[in-house]
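Letter by letter, the sequence shown follows residues 1 to 323 in UniProt numbering.
For each residue, glycine too, the CB sits at the ideal point set by N, CA and C.
Notes for the one structure printed next.
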Amino acid sequence: MTARDNATAANGTAAYVVALDVGGTGIKAALVGADHSLLHQARRPTGREAGPDAVVGTVLAFAEELWEAGVDRYGVPPAAVGVAVPGIVDEAEGTAVYSANLGWRDVPLRELLAKRLDAPATPIALGHDVRTGGLAEGRIGAGAGVDRFLFVALGTGIAGAIGIDGRVEPGAHGGAGEIGHVTVRPGGPECGCGRRGCLELFASAAAVGRAWAAACGRPGATAADAAAAVEAGDPRAAAVWREAVDALAEGLVTALTLLDPRVLIVGGGLAEAGGTLLGPLREAVRARVTFQQLPTIVPAALGDAAGCLGAGLLAWDLLSAEV
């Protein structure tokens, strides 16, 4: 079966969608088939240094580029569009409410996309980036077939996705899963959210990188550098790593107590350390649980394709809801 067969139904209607994963520094985009195959992929910088209006323009132009690529390749326009963005998202209204990284406030992204694509009747889904990645991991990745899961992304910050029967819970106000702002060190340093001692100040990839840079005296050192030093037996790195793992375990046990997931999926940049992270993390969580049932703790399976695949799932779900 050819790519065209995969992307065009027997009656000539589209069997593919446009998916975009908008990040703080880069945008990943794809044409996604009904079988979740990535039929075409592309990337470009977000360009946030040019300001929020320029970022919106970049997103719209990139979506249009993928739309036209699909029409050129398959002869029919996509069946739907899915977009994942950071920050607070009103999925029902299709509005990017707020993003500190991108400087967005109340961007009517669904409306703007429909106008730019000249596609008022095309379903357009908007979702939160981590919840969207978690949707993909839970449905077709590391949590496939699991009824209850928690996906935690350890990147510049920390956020999570609460999975229930193949879907991700957005919360009443679009803020479900923000585990990075659980307090794990009362009286600790102030977080950007205004509270003190938040988890992401200690266990995000960015936090580990900062702590290791301070410990080793190398400005610009990263979490990956810290992991390599741990593996090499550096005691300074071991201390930095232990502090991060202990903080992460504290936050995760709070989440386990509230949510009781069957599987805990760990993704994001820090998770690229593999067993260097997951081994001690499993032990630290096990040491802290009392009455709670210990979930299976596994690494994410989809890598940086999770966001695009999840955005594609959001788009296909919109189509399913219309049937």
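Item	Value
To the nearest angstrom, how far is the alpha carbon of His-173 from that of Asp-90?	7 Å
So, is Val-17 buried or exposed, given that buried needs 16 or more other C-beta atoms within 10 angstroms?	buried
Taking DSSP as the reference, what is the three-state secondary structure of Gly-312?	helix
With DSSP collapsed to three states, give me the class of Ser-99.	strand
Under 7 Å, do Gly-82 and Ala-30 count as touching if we go by C-beta distance?	no
Can you tell which of Arg-131, Ala-271, Ala-142 has its C-alpha closest to the C-alpha of Asp-21?	Arg-131
Strictly by DSSP, which residues pair up with Glu-190?	Arg-196
Does DSSP put Thr-254 in a helix, a strand or coil?	helix
What does a CB cutoff of less than 8 Å around Ala-276 pick up in its chain, not counting 5 residues either side in sequence?	Residue identity differs from the one stated: residue 276 is Thr in this sequence, not Ala. Excluding positions up to five away in sequence, the list reads Ala-227, Val-230, Glu-231, Trp-241.
Looking at the structure shown, is His-128 part of a helix, part of a strand, or coil, going by DSSP?	strand
By alpha-carbon positions, which one of Val-289, Gly-51, Val-146, Val-107 ends up nearest to Thr-254?	Val-289
Under DSSP, the beta strand (DSSP E) around Thr-296 begins and ends at which residues?	296-299
For Thr-156, which of helix, strand or coil comes out of DSSP?	coil
Output the distance between the C-alpha atoms of Gly-141 and Val-298, rounded to the nearest integer angstrom.	11 Å
Quick one: any contact between the stretch 296-314 and the stretch 257-269, if contact means 3 or more CB pairs under 8 Å?	yes
Given this structure, state the Cα-to-Cα distance separating Gly-103 from Thr-95, to the nearest angstrom.	14 Å
What separation, rounded to the nearest whole angstrom, lies between the Cα atoms of Gly-251 and Ala-92?	29 Å
Could you spell out the range, first to last residue, of the alpha helix (DSSP H) harbouring Leu-278?	275-288
Would you say the stretch 134-148 touches the stretch 107-121, given that touching needs at least three Cβ pairs under 8 Å?	no
Looking at C-beta atoms only, is the number of pairs between the stretch 196-215 and the stretch 153-162 that lie closer than 8 Å three or more?	yes
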